[in-house]
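Q: Residue numbers (the numbering used here), protein chains in the order written: chain A, 1 to 183; chain B, 184 to 366; chain C, 367 to 446; chain D, 447 to 526; chain E, 527 to 785; chain F, 786 to 1044; chain G, 1045 to 1402; chain H, 1403 to 1760.
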Ligand SMILES: Cc1ncc(C[n+]2csc(CCOP(=O)(O)OP(=O)(O)O)c2C)c(N)n1
Ligand SMILES: Cc1ncc(C[n+]2csc(CCOP(=O)(O)OP(=O)(O)O)c2C)c(N)n1
Ligand code: SF4
Ligand code: SF4
Ligand code: SF4
Ligand code: SF4
Ligand code: SF4
Ligand code: SF4
Ligand SMILES: [Mg+2]
Ligand SMILES: [Mg+2]
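(1) What separation, rounded to the nearest whole angstrom, lies between the Cα atoms of residue 92(A) and residue 168(A)?
(2) In the DSSP assignment, what residue or residues form a beta bridge with residue 1220(G)?
(3) Quickly, what does DSSP pair residue 1328(G) with across the bridge? List them, please.
(4) Determine the DSSP secondary structure at residue 977(F), reduced to helix, strand or coil.
(5) How many whole angstroms separate the CB atoms of residue 205(B) and residue 327(B), which I take to be in contact at a CB cut-off of 8 Å?
(6) To the nearest angstrom, how far is it from the Cα of residue 737(E) to the Cα of residue 1116(G)?
(7) Hey, residue 1569(H) and residue 1617(H): beta-carbon distance below 9 Å or not?
(8) Using a Cβ-Cβ distance cut-off of 9 Å, determine whether residue 14(A) contacts chain C.
(9) Look up residue 1036(F) in the DSSP assignment and say whether it is helix, strand or coil.
(10) Got a sec, what are the start and stop residues for the beta strand (DSSP E) residue 1119(G) sits in?
(11) Should residue 1387(G) be labelled buried (16 or more other beta-carbon atoms within 10 Å of its own) or exposed?
(12) Measuring only the C-alpha atoms, how far is residue 1190(G) from residue 7(A)?
(13) What does residue 1733(H) pair with, by DSSP beta-bridge criteria?
(14) For residue 851(F) and residue 1129(G), I'd like the C-alpha separation in whole angstroms.
(15) Does the distance between the C-beta of residue 510(D) and the nearest non-hydrogen atom of ligand 6 fall short of 8 Å?
(16) Can residue 956(F) and residue 967(F) be called in contact, C-beta distance under 9 Å?
(17) Can you determine whether any heavy atom of ligand 2 sits closer than 8 Å to the C-beta of residue 609(E), and answer yes or no?
(18) I'd like to confirm the pairing. Which residues does DSSP put opposite residue 10(A) in its beta bridges?
(19) What is the rounded straight-line gap between the Cα of residue 839(F) and the Cα of residue 1237(G)?
(20) Would the stretch 587 to 603 of chain E count as touching the stretch 1577 to 1595 of chain H if we require 3 or more Cβ pairs under 8 Å?
(21) Determine the contact status of residue 1527(H) and residue 1664(H), defining contact as a CB-CB distance below 9 Å.
(22) Under the criterion of a Cβ to heavy atom distance below 8 Å, does residue 920(F) qualify as lining ligand 10?
(23) So what's residue 1521(H) in DSSP terms, helix, strand or just coil?
(24) For chain E, check one thing: does any of its Cβ atoms lie closer than 9 Å to the Cβ of residue 1021(F)?
(25) Going by DSSP in three states, residue 768(E) sits in which element: helix, strand or coil?
(26) Starting from residue 585(E), find everything on chain G with Cβ-Cβ shorter than 9 Å and list it in chain order.
(27) Kindly examine ligand 2 and report whether one of its heavy atoms sits closer than 8 Å to the Cβ of residue 1246(G).
(28) Express the C-alpha separation of residue 434(C) and residue 421(C) in angstroms, rounding to a whole number.
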């Protein structure tokens, strides 16, 4: 089984962090995985995105022209990636910042999750919106096991911020349960 | 007919000047000619040399490994070029500075001319030793016509030194007559 | 706002600025630059993701253009 | 020469130099360098084509080594 | 704001300079490159030079100069803008020729080119934006990085025993005979911005009067790579940066006949 | 000279320095490169550094350094000796590392490398031989060529309006924080030669004491390309050259702790 | 070793960082460089890690200075590395030629980007000629290694140091933005040296031995000709001993893709797809671009119907393929300058060549 | 025109100077350069002559600066030239890549010498790869002209300017120390322009038109890919329209020498000698090294028994010969790195190949 996802949003939303987490989880599950971040001269504080490919076989391209799924955390990213998603693919959008009405495409499996709101109001930290979205994405696609994500958190969170691990677990869980409830 | 000559001596002896003169004369006689000077990092005030090839056909190499003739104006140049001269070739040495006893090779057509002495005592200018040697070489080999050499002098002597042309003609003639007398 | 409008009516503003909402990158440099403290950071987020600056106290504006001179993104136009 | 020798005999030289004939490039720098004017340019030409300097007036030499210090080709050795 | 108010004020006292193309910039929030660009455009307008100007862009965050300044522009390889400008000026001495360069560009890889352009008294104008780091490539140490400053390639802070000292280009270039004008300015307060404009005008004048090489060094900010809010970045300029890199005019030729 | 005389003097008061290989040099008659080489060798001997030294040769008439100085030597690309020396010194801080460079090498193509080595306070020593021309390649104009000087590429004489000014490297490098020692000397009189030796010693000491970058600029001659007799070339050094390039010590760090 | 243990050792890293890990494992303690996208992770990693293990990181003022720092440290007998991308590598050409001429080892990494000129930072294989034909003057050669995974970024870094020392010659790793910027798990296999690192030629001060020098100038008589033949013999030896390539499903293949680095990586997916459809596709993946696996290519050319050369440029390795085989009529080319081919494109091409409808 | 008149027009000059005469005839009024043996006659000639005709000679502080002066003057729409040799040409590689990427014309002369590194000043053809494969990054190409006589130093200089302008691309003249330093008579044929020199793209200030720029950065979307294909089409056009070569006694030849520049020059003598002995030898002399006369070579390869490639290096053009023909088994190589082959050597080789005793 091979799947892939592009995750995109503003810089600072933690996009690269969730891409890393997903990748490491897949690795821990013994699978092949590649992670490819945007790099270079784009304006800082502008946009950030990464591509993760998961597979049971050796992976060819770590870059994907037509992704099977997208996690979209802000408006500009929707404009950019919406047309690219494969027919019938998964699209998770952050409804707190992205207007679901703009999606248009009817062939996609859309999940509009108010990630910022959940993060702020339920989890207790606006910073964790992306983590919420990742939880939702993973519930949707079964890309990895939730438990593996939890287990891998220490590998992407530096010692200094260790104490926030439980909060991150919560964020993942909230995203997961939102997705389950909006299947 | 193709012939070639290497001319060599101390820097300042006018080696390149006689090479040029010979070449231009050949050109004026409608023949093919190439002239190749030593260039680059050798010590200034050290040695100077050039190779002239004259032919009725298109000339290949302007550089010659085994010259048909050499005009040698100083000691070190004899050491360097003596072994290279083709069997039976022509060697003109400046006896004022080069000891004929050092030539050794019996197969060569040697002409030992006291070029400095002739230049100083007969022509009246030590500077013209090379011109004397050129006159001797040309007489020996018939590489070009003497008259052409005379005619071409203005092309190698700058306007400023025009007045010395007659002196140069004399030097060539003295060399020629020495060679004729020592055939 | 109403209060501000009143105040403005009292001491008539000498100038006016306009901040380009979409171009503003919310760097905040104009805020302390204004000697009259007319500018504040807003809440509304533009397409670039920035909560742009707003002309919060127009009534005090002198049209001195210092804000405009300070804006690295040339978002501010000034009238007098 | 004879005269010089006599003079040398009179005021005994304090030093002596040797000029490497083959290495000398006849640049003449040592000539004015010698405070005692002991060195002159020679006539004999070495293999390099140079008319090397010669220790012409040994009788005046003080062995001060200034000539040696001035020679770019390190041709001069000095004894005292 | 009421509509009434809007109508009352009809005289535009501040508008985008004519030579500044009306597009959004790619610079990060609070980056002073934007201010330097605007001053440049204003000065081109001031002297009416737009149609006689050839600019030379560097490689760095300011590489897109040609998208912003409405003049002919050549893109130089990293650090070589003064050499490219030399080629332009020698071919077209009647054109106004400037370069716009960052500190990595001018003070590191381009050291030789700027020094020799200055030494030749090349009649060009250099705007030099010193933000103590390589902005475009992600905040590496530059020759102008302050002692102790942490960057992505000096993670333990710049150490003079290993990396040497922040180099003072305005001072260095002022020592060269061919330099007609060398000044250091900043753009962190309205007053500084005014002075910066004056300096740029002076630099332009030097070229117009054929006095030789002119340079204005801007102490600038890189909030993104300094990891600072724009306002804090400005404070850094006002504080430690201008302490080490003193603002001022280091050379100003008075007479056209400069020898 | 009598044989008797020969025997009388047994103390050799001047002999070839130990570190100077006993071969004939390729330099032209009267070229002061020979004097600089000898001073270098004497100073290596003086400090007993022969076996702990790595030299870096430039490209220029002094490229054959390794044939003359009896130490390990690396050959650098033209102008890059200070960069090569940096690589050597960083790898072997316990070695004595020097470069020997001409003015084309150091003040033209190698400008950036020498400035940044100085600015880093790189603990190396540079001997810089300024003969106002590219000797090895046949006497072209160098950045140090004097105004009005005719060379093979300035056949009408160097003109400041076109070619700029002779660059003063000793002064320029002295302005950099990382420079511990910068001096200009000449070797045209016995007194100057003595002073030159002192300066080279000082420069060596700086490195030995880990004070940072040290440089000694030699005003030298190139009789061949100047088209002058050696003695006239010396006079040129004593005259117009040292007028424009004043001899002296431009910087001398006093304390080892240099900040 | 059981699977669990193997999984344990896998680390998840950027290709750029894996090079650093490999270099450090191979004993590299000196790194000099100058920033340029997309390889900045390398100097950043080295600046953080080398000082903690007694190594030296120094940022140079330019790539010209960099390669000469490298020259100096290499001449001192130390393992040393630099990295850059297109424009910076161009500036190193003179220095590389000097190092080859002076027979100095070092590892130079090119994480290439788009060109020519400033170009862009999109991945590209446009620097093939520069790397493989050697862009400096004088016609020297160097081993060029082309990793196609993070694992190879690690392992080929170690190999590069050994090759450099074995031949006293610079060795190049030619990556691209993709393989440099991507992360994937890799196994940190231990470094097993294959050459002695003794360097009696190094300039360490002439205590107890005659002075020696490192130089590339050979002026006397025909010394430079002799030197050139000596170097040439080294290059011939590389061709005999160092050819490395991957045979990917070539057994029975009728279509052989020839591709390296990222282009090869992407091709693997397309070949998997094609194989599933019964298309006999395979790939010869040169791992060493110099020495080029020309003899292997000629062998394969005999057996297949088509050699499909795929490059992220407009055709450079293509010339080496032509020079290696006389089956020019079997050669096809798919070029994607400054852009990655997709598996779909390559798959489409394979189908077409196999006579299948698209 | 009678013979006397023709002789009248012949001038006796160094090859290096003939290039200058050709350049000036072609309207070149800007020259920048940095000294290096064996091409110093070029800057020396230009510094003496350009100022007298309103032109500009400027000596740069380095070759890196030089190529960027060139870039600026070319961007200004002027014909401009530089010259150097190996090490200096290496330092120009970044700038050349920028010029190719920015589509700027200029003429760059390499009077090559021995390498690698400082090498020596003996003549060599070791820079073939650098010139023909282009040593800078990004895979651009440029016309490379290989004169073998002073006459061609003159005429190819003029041609180089036209090619540069026709393609908005740098053009290179690859000479060597021999053809640069030797003097021989040549005829100063008049310059007849083959292209318009109008340059509407030049940066002359934007009076009366929108601003324009000269750049090589293409960041957005796939702009750099599009740009690369555009450049590639230019290179294809060069290959279609610009191939130049000399057919020297190929008619009926059984042995075809393939050589350029000085190696070809020397070969002519050997071929004359061989012909006199009834050996059917001839030569294909590429005048353009890029575009390479590959199609012509393949034609000849069909007819002859042997292709004898002769180069003053250890085998570089040899690879282009192999890539151009499928008759690999007919190829033989005679290499003289950093040294000229003598007519005797080549003659001996021809005799051997013809089955004659030596
Ligand atoms: C030869 C070369 N080396 C390196 C780079 C990569 N590079 C691009 S911009 C830049 C530095 C920019 O820093 P600076 O000049 O200070 O400008 P800033 O972005 O800070 O304004 C570098 C190193 C390049 N393009 N070319
Ligand atoms: C990159 C490069 N450019 C040019 C040269 C040619 N070159 C050799 S020596 C030299 C100049 C030497 O002049 P200088 O440094 O002043 O030394 P000098 O011979 O005068 O002592 C030059 C330009 C070269 N070898 N390499
Ligand atoms: S114009 Fe002056 S007073 Fe008005 S907002 Fe701007 S800075 Fe404030
Ligand atoms: S200075 Fe400009 S960009 Fe910054 S907050 Fe104010 S208006 Fe917005
Ligand atoms: S040692 Fe002194 S006195 Fe004697 S020759 Fe030399 S300089 Fe003259
Ligand atoms: S200084 Fe030396 S080389 Fe010169 S003349 Fe005197 S001894 Fe000879
Ligand atoms: S990276 Fe720094 S210099 Fe570049 S635009 Fe952003 S803030 Fe400005
Ligand atoms: S050319 Fe000049 S610098 Fe070189 S050795 Fe001769 S005199 Fe000395
Ligand atoms: Mg910067
Ligand atoms: Mg010099």
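Just so it is clear, CB atoms sit at the ideal spot from N, CA and C, and this is done for glycine as well.
A: Reading it off the structure:
(1) Against the first chain, residue 92(A) aligns to sequence position 92. Against the first chain, residue 168(A) aligns to sequence position 168. Taking the straight line joining both Cα atoms gives about 19 Å.
(2) Stepping through the seventh chain from its first residue, residue 1220(G) is reached at position 176. Note: residue 1220(G) sits in a beta bridge opposite 1156(G).
(3) As a first step, residue 1328(G) is located in the seventh chain; it is residue number 284 there, counting from the start. BP columns for residue 1328(G) point to 1291(G) and 1302(G).
(4) Counting from one through the sixth chain, the residue named residue 977(F) turns up at place 192. Here residue 977(F) sits in helix by DSSP.
(5) Position 22 of the second chain, counting from 1, holds the residue named residue 205(B). Position 144 of the second chain, counting from 1, holds the residue named residue 327(B). About 6 Å; that satisfies the 8 Å criterion.
(6) For this step, residue 737(E) is matched to residue 211 along the fifth chain. For this step, residue 1116(G) is matched to residue 72 along the seventh chain. Those two C-alpha atoms are separated by around 42 Å.
(7) Against the eighth chain, residue 1569(H) aligns to sequence position 167. Against the eighth chain, residue 1617(H) aligns to sequence position 215. For the 9 Å CB-CB criterion, residue 1569(H) and residue 1617(H) do not form a contact.
(8) The count along the first chain starts at 1 and reaches residue 14(A) at position 14. Answer no: the Cβ-Cβ gap between residue 14(A) and chain C never drops below 9 Å.
(9) Numbered from 1 along the sixth chain, position 251 holds the residue referred to as residue 1036(F). Residue 1036(F) falls in the strand class under three-state DSSP.
(10) On the seventh chain, position 75 is the one that residue 1119(G) refers to. Careful: residue 1119(G) lies outside any beta strand (DSSP E), inside the alpha helix (DSSP H) at 1107 to 1119.
(11) For the purposes of this step, residue 1387(G) is taken as residue 343 along the seventh chain, with counting starting at 1. Looking at its Cβ environment, which holds 16 or more other Cβ atoms inside 10 Å, residue 1387(G) is buried.
(12) The residue you call residue 1190(G) lines up with position 146 of the seventh chain. The residue you call residue 7(A) lines up with position 7 of the first chain. Those two C-alpha atoms are separated by around 29 Å.
(13) Position 331 of the eighth chain, counting from 1, holds the residue named residue 1733(H). The partner list for residue 1733(H) (beta bridge, DSSP) reads 1709(H).
(14) Mapped onto the sixth chain, residue 851(F) falls at position 66. Mapped onto the seventh chain, residue 1129(G) falls at position 85. In a straight line, the C-alpha of residue 851(F) is about 35 Å away from that of residue 1129(G).
(15) Sequence index remark: in the fourth chain, residue 510(D) carries index 64 (1-based). Not so, every heavy atom of ligand 6 lies at least 8 Å from the Cβ.
(16) For the purposes of this step, residue 956(F) is taken as the residue at position 171 of the sixth chain. For the purposes of this step, residue 967(F) is taken as the residue at position 182 of the sixth chain. Yes, these two residues count as a Cβ contact at 9 Å.
(17) Against the fifth chain, residue 609(E) aligns to sequence position 83. Result no, Cβ not under 8 Å from ligand 2.
(18) For the purposes of this step, residue 10(A) is identified with residue 10 of the first chain, where counting begins at 1. Beta-bridge partners assigned by DSSP to residue 10(A): 47(A).
(19) The residue labelled residue 839(F) in the question sits at position 54 within the sixth chain. The residue labelled residue 1237(G) in the question sits at position 193 within the seventh chain. If I take the Cα positions, the gap works out to 29 Å.
(20) Taking a cut-off of 8 Å for Cβ pairs, the stretch 587 to 603 of chain E and the stretch 1577 to 1595 of chain H do not touch, as fewer than three such pairs fall below it.
(21) Taking the first residue of the eighth chain as 1, we reach residue 1527(H) at position 125. Taking the first residue of the eighth chain as 1, we reach residue 1664(H) at position 262. Their beta carbons are under 9 Å apart, which means residue 1527(H) touches residue 1664(H) by this criterion.
(22) Taking the sixth chain and counting its residues from 1, one reaches residue 920(F) at position 135. True, at least one ligand heavy atom lies under 8 Å from that Cβ.
(23) For the purposes of this step, residue 1521(H) is taken as the residue at position 119 of the eighth chain. Residue 1521(H): strand per DSSP, three-state reduction.
(24) On the sixth chain, position 236 is the one that residue 1021(F) refers to. No, no contact with chain E.
(25) The residue you call residue 768(E) lines up with position 242 of the fifth chain. Looking at residue 768(E) - three-state DSSP - the assignment turns out to be helix.
(26) Numbered from its first residue, the fifth chain carries residue 585(E) at position 59. Those are 1131 and 1162, listed as they occur along chain G.
(27) Locating residue 1246(G) in the seventh chain gives position 202, where the first residue counts as 1. False, no ligand heavy atom lies under 8 Å from that Cβ.
(28) For the purposes of this step, residue 421(C) is taken as residue 55 along the third chain, with counting starting at 1. For the purposes of this step, residue 434(C) is taken as residue 68 along the third chain, with counting starting at 1. If I take the Cα positions, the gap works out to 12 Å.
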